[in-house]
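Everything in the sequence shown is counted per the numbering used here, starting at 621 for the first residue and increasing by one.
Structure record follows, encoded as structure tokens.
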Amino acid sequence: MRKRVFEPLGMENTFVGSDPRRITRNLASSYQPIENGFTKSLSLSASYGPSGMVSNPRDLLLWASALETGAVGGPAVLAAFNARSTLADGSNAIGSNGQEYRNFRGVDTWSHGGSTGGFRSFLLRVPERRLAIAVMGNRSDFLKAAFAFDVAEVLLADRLEPAPSVDFAPETTVELDRYVGDYRLFAGVVFSLRRDGAAMTFANFGSDEAFALEQIGKGEFMLNPARDLRVVFKDFEDGRASRMRWTVSTDGFIPAPRVEMEPVPSEPFDSAELEGTYYSDTLQQAVEISTKQGKLWLRTGDAKRVQLERYQPETFRLLGDSVVQRIEFTRTPDGVISGALVSTSLADDIEYQKIRNARSQP
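Dropping the structure here:
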């Protein structure tokens, strides 16, 4: 990267961070806002690609120029970057190879952003106006994409179509009932939306701590104003919302499909039959399930123990910081626990076989 990209483009302050011990002049620290100030937000990524590159806004603008001129790679690289995938309905996807396309008030834009720890970055290009905006921040509540588009709005004020009207009529209870349901954002992360009179409420599935959502548009509700975090409904089947759009400012959205959940089980479960060691041939990794003080715990290869919470008859979610987010136990035809399907944010239902019962361990 240094020889083929950074040096030819004059990106003198950009490198791939391969040594975490390296001291870098003028390198910003990463922060997380708390009630009375800030705390450090550690960036623990060991990846060379995502989150592993260090740069600054000036160098990002040099990279933006290369995406216009083909200074690195020529026309073939530009064509690859700009190629957009086609969805099942024949429309083009927002994402292409490393950047996203959006029409912003009549102007075509290409952009990409990144987040790790408290670091935030965003590169916005408007090719037809020969404009590029590079944004960086080092606090986790910085709305990088919104900031970049706000700058573009100022610089292109006389060339943009009028902003869409935000006026809307409050939705009726019949209309609000279309959104009532449970929605899965990630494995083990399910949110419940309910109607309480003329308001929608939001809660983690199975929790009694629901709070009212402010409606800010038709099918649009504000979840966290500090992060400009919204839940948006635009997809319907048979008169009900088929998915919720988890929308973070102008960064885009994560689709959360509607799911049919069973009530949270109230009867006790036999923790002893779940205890033991489970092994994945795919990952060549073992995890352990154990009981402590009446609670079920997961122990992974890094020796970290995280508590499990039952929220479906055979399914548990993690209550602490863990790469694992959901565990669904499986049984033989005669009802004996035989294994588990383990899910993370990026992989669903990895098969683990139970290889040892806790009672038989030495």
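Backbone N, C-alpha and C define an ideal beta-carbon position, used for all residues, glycine too.
>> Here's the rule I'm using: 16 or more other beta-carbon atoms within 10 Å means buried, otherwise exposed. How should A957 be labelled?
In response: Residue identity check: residue 957 is Ile in the sequence provided, not Ala. That one is buried.
> Terminal residues of the continuous alpha helix (DSSP H) containing L938?
Replying inline: It is not in any alpha helix (DSSP H) - L938 instead sits in the beta strand (DSSP E) that spans 935 to 938.
> Mapping DSSP to helix, strand and coil, what is S661?
Replying inline: In the structure shown, S661 sits in coil (DSSP, three-state: anything other than H, G, I, E or B).
>> Using a Cβ-Cβ cutoff of less than 6 Å, which residues in the same chain neighbour A752 once the five nearest sequence positions on both sides are dropped?
In response: Cβ within range, chain order: L681, A684, R745.
> Alpha carbon to alpha carbon, what distance is there between T793 and R878?
Replying inline: Their Cα atoms are separated by approximately 19 Å.
>> With distance defined between alpha-carbon atoms, name the residue in A846, S900, L894 nearest to K912.
In response: Nearest Cα to K912 within the set A846, S900, L894: L894.
>> Just to confirm, is the Cβ distance from T634 to V692 under 8 Å?
In response: Not closer than 8 Å, so no.
> At what residues does the alpha helix (DSSP H) containing E764 begin and finish?
Replying inline: It should be pointed out that residue 764 corresponds to Lys in this sequence rather than to Glu. Start and end: 764 to 775.
> What is the DSSP secondary structure of P982, reduced to helix, strand or coil?
Replying inline: Any reading at P982 must be qualified, since the residue scores a pLDDT of 40, below 50, and its modelled position is unreliable; the value itself is stated next. Correct three-state label for P982: coil.
>> Considering only DSSP beta bridges, list what K912 is partnered with.
In response: Beta-bridge pairing links K912 to K915.
>> Given a cut-off of 8 Å on the beta-carbon distance, is the pair Q932 and G940 in contact?
In response: No, the Cβ-Cβ distance between Q932 and G940 is not below 8 Å.
>> Runs of 3 residues minimum, wholly inside the region 925 to 973: which ones carry the beta strand (DSSP E) assignment?
In response: The region 925 to 973 contains these whole beta strand (DSSP E) runs: 925 to 932, 935 to 938, 946 to 951, 957 to 963.
> To the nearest whole angstrom, what separates the beta carbons of A807 and D968, a pair I think is in contact under 8 Å?
Replying inline: Contact between A807 and D968 is confirmed by a C-beta separation of about 6 Å, below the 8 Å threshold.
> Within this structure, are the beta carbons of R930 and P883 separated by less than 8 Å?
Replying inline: No, the Cβ-Cβ distance between R930 and P883 is not below 8 Å.
> Looking only at its own chain, which residues have a Cβ that is under 7 Å from the Cβ of K764, when we skip the five neighbours before and after it?
Replying inline: Apart from the 5 residues on each side of it in sequence, K764 sits with its Cβ closer than 7 Å to the Cβ of G733, R740, S741, F742, V755, G757 in its chain, given in chain order.
>> Helix, strand or coil for E720? Go by DSSP, reduced to three states.
In response: Shown here, E720 sits in a strand according to DSSP, grouped into three states.
> Thinking C-beta only, is Y899 closer than 8 Å to F853?
Replying inline: When the beta-carbon positions are compared, F853 and Y899 stay at least 8 Å from each other.
>> Suppose the cutoff is 6 Å on Cβ atoms and the five residues either side in sequence are ignored; what does the same chain contact list for T935 look like?
In response: Excluding residues within five positions, the ones whose Cβ falls inside 6 Å are E948.
> Near L647, which residues of its chain fall below 8 Å by C-beta distance, leaving aside the five closest residues on each side in sequence?
Replying inline: Correct list, in chain order: V674.
> Opposite M881 in the DSSP bridges: which residues?
Replying inline: M881 pairs with nothing; no bridge assigned.
>> What does the alpha-carbon distance come out to for the pair T736 and G955?
In response: Distance between the alpha carbons of T736 and G955: 43 Å.
>> Could you compute how far the alpha carbon of V771 sits from the alpha carbon of S785?
In response: Rounded to whole angstroms, V771 and S785 show a C-alpha spacing of 20 Å.
> Quick one, which of E887, T950, E971 has its alpha-carbon nearest Q905's?
Replying inline: Minimum Cα distance to Q905 is reached at E971.
>> Just to confirm my understanding: we take S677, look at its own chain, exclude 5 residues before and 5 after, and list those with CB closer than 8 Å. What are they?
In response: Per the sequence presented here, residue 677 reads as Pro, with Ser not at that position. For P677, where only same-chain residues beyond five positions count, the Cβ hits under 8 Å are A754, V755, M756.
> When DSSP labels each residue in this structure, what does N824 get in the three-state scheme?
Replying inline: Per DSSP, reduced to three states, the secondary structure at N824 is strand.
>> Please classify R804 as buried or exposed, where buried requires at least 16 neighbouring CB atoms within 10 angstroms.
In response: It counts as buried.
>> Between E880, A876, T867, V962, which has its C-alpha nearest E908's C-alpha?
In response: Closest option to E908, judged by alpha-carbon separation, among E880, A876, T867, V962: V962.
> According to DSSP, is D679 helix, strand or coil?
Replying inline: Helix.
>> For Q981 and K974, I'd like the C-alpha separation in whole angstroms.
In response: Below a pLDDT of 50, predicted positions are generally treated as unreliable, and Q981, at 43, falls in that range; the measurement from the model is reported next regardless. Cα to Cα, the separation comes out at about 13 Å.
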